[in-house]
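Numbering (our numbering), first residue to last: 1 to 153.
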């Protein structure tokens with residue numbers, strides 16, 4: 001996906017999160033935040049020219065759905081484009097400090113995926129606060145990078 005598409009998805013996911021109660025709707029709130037953060041990491045990786053911003057949608061590490069001229073999508077092996085989650089696929093190129101921080105923040109969020117969404121750990125206000133703070137910082141780092149790129153032209 002391209003940077004503009006990632007930014008549009010982040011905006012829609014943030015609007016959704018704002019309508020949800022973080023504790024009562026934790027699973028939806030959490031997935032929307034985790035997905036928004038992943039889009040932020042992908043946009044930052046594209047802006048840094050580390051990954052491809054082609055219109056190819058990740059299915060598995062290294063396998064992307066690529067639009068065809070007839071409007072269909074075809075599974076194709078490709079160079080790294082969008083990551084599914086931080087570390088899937090692993091980015092082999094050097095990553096700038098701000099993007100490395102974004103990835104670490106996403107790991108902070110994702111540490112609660114299995115316990116709270118799959119294993120029955122009841123989410124607490126502290127978990128919500130930690131996830132929300134990590135996502136907000138991740139989005140702030142993306143905005144900082146977007147601001148820097150805008151000044152390069």
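Yeah, the Cβ is synthetic: ideal placement off N, Cα and C, and Gly gets one too.
The structure presented is a predicted model; accordingly, all values stated were derived computationally and were not measured.
Buried or exposed: where does residue 149 fall if 16 or more other Cβ atoms within 10 Å of its Cβ makes it buried?
exposed
Near residue 16, what residues of its chain come up, given a Cβ to Cβ distance below 7 angstroms and the 5 sequence neighbours on each side ignored?
32
Inter-residue spacing [alpha-carbon to alpha-carbon] between residue 63 and residue 89
10 angstroms
For the beta strand (DSSP E) holding residue 154, just list the boundary residues, first then last.
An answer regarding residue 154 cannot be provided, because it is not within the stretch 1 to 153 covered by the chain.
Rounded to a whole number of angstroms, what is the C-alpha to C-alpha distance between residue 108 and residue 134?
7 angstroms
Whole-angstrom Cβ separation of residue 38 and residue 66, contact assumed at under 8 angstroms?
Going by Cβ atoms, the distance from residue 38 to residue 66 rounds to 20 angstroms, so no, they are not a contact pair.
Best match in 34, 3 and 11 for proximity to residue 112 [C-alpha to C-alpha]
34
Would residue 44 and residue 99 be called neighbours here (beta carbons separated by less than 7 angstroms)?
yes
Which residue comes first and which comes last in the alpha helix (DSSP H) that contains residue 93?
No alpha helix (DSSP H) contains residue 93, which DSSP labels as neither H nor E.
Could you check which residue in 51, 30 and 68 has the C-alpha nearest to that of residue 79?
51
For the alpha helix (DSSP H) containing residue 84, name the first residue and the last one.
Element bounds for residue 84: n/a, residue is neither H nor E.
One question on the structure: do residue 161 and residue 73 come within less than 7 angstroms of each other, judged by their Cβ atoms?
Here the chain comprises residues numbered 1 to 153, so residue 161 is not present and cannot be evaluated.
Helix or strand or just coil, what does DSSP make of residue 1?
coil
CB residue 131 to CB residue 105, shorter than 7 angstroms?
no
Work out the CA separation of residue 25 and residue 71 for me, nearest whole Å.
36 angstroms
In angstroms, rounded to a whole number, what distance separates the CA positions of residue 48 and residue 97?
11 angstroms
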